[in-house]
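Here is the structure we will look at.
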Amino acid sequence: MAEDTEATPESATIARLRRELARGTTELAVLSVLSVRRRYGYELLKVLRQTSEGVLEVKEGTLYPLLHRLEDSGHILATWEAEGRARPRKYYVITPDGRAYLAMLRTEWSGLVDGMRQLLDTLGEVQE
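The structure is reproduced here in structure tokens:
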């Protein structure tokens, strides 16, 4: 029997939901990764993908503009560094202002998650 490879309405909905959630959380995720230690762009992409078990599939076309916005706003600092004979890489590090901004984002995210958990727990599973 041939495997059905067409997307179902449910899988399309889940994919759309994941994209929307990722769009709203990428800044929080990037700053969280940088709060641990400095990283270069491609390394950030790998850490986001691996740590989120593939849920955060951030594309380069999304990451680099975000990094530029975070740098312009003073939340991160970028420096070019060469290690040995390797080609220079642009490393990103979170600033003190970035840490304060991250704390605010984490508080907001926690409030949203707690509110949604309360809503879902209160209403229970939808019965048809």
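Under full-length UniProt numbering, think of the first position of the sequence shown as 1, with each following residue one higher. In this text, a Cβ means the ideal position worked out from N, Cα and C, and glycines have one as well.
Using 8 Å as the Cβ pair cut-off and three pairs as the minimum, do the region 25-44 and the region 103-118 touch? yes
How many angstroms separate the CA atom of residue 98 from the CA atom of residue 56? 21 Å
Considering only C-alpha positions, which residue in the set 81, 18, 14 and 77 is nearest to residue 52? Answer by Cα proximity: 18.
Can you find at least 3 beta carbon pairs, one from the region 60-76 and one from the region 87-101, that sit closer than 8 Å? Result yes; three or more Cβ-Cβ pairs closer than 8 Å.
Look at residue 38 and residue 93 and say whether their C-beta atoms are less than 7 Å apart. yes
What is the residue span of the alpha helix (DSSP H) that residue 29 lies within? 9-36
Proximity to residue 89 [Cα-Cα], best of 10, 43 and 33: 43
Bridge partners - residue 77, DSSP secondary structure assignment: Beta-bridge pairing links residue 77 to 93.
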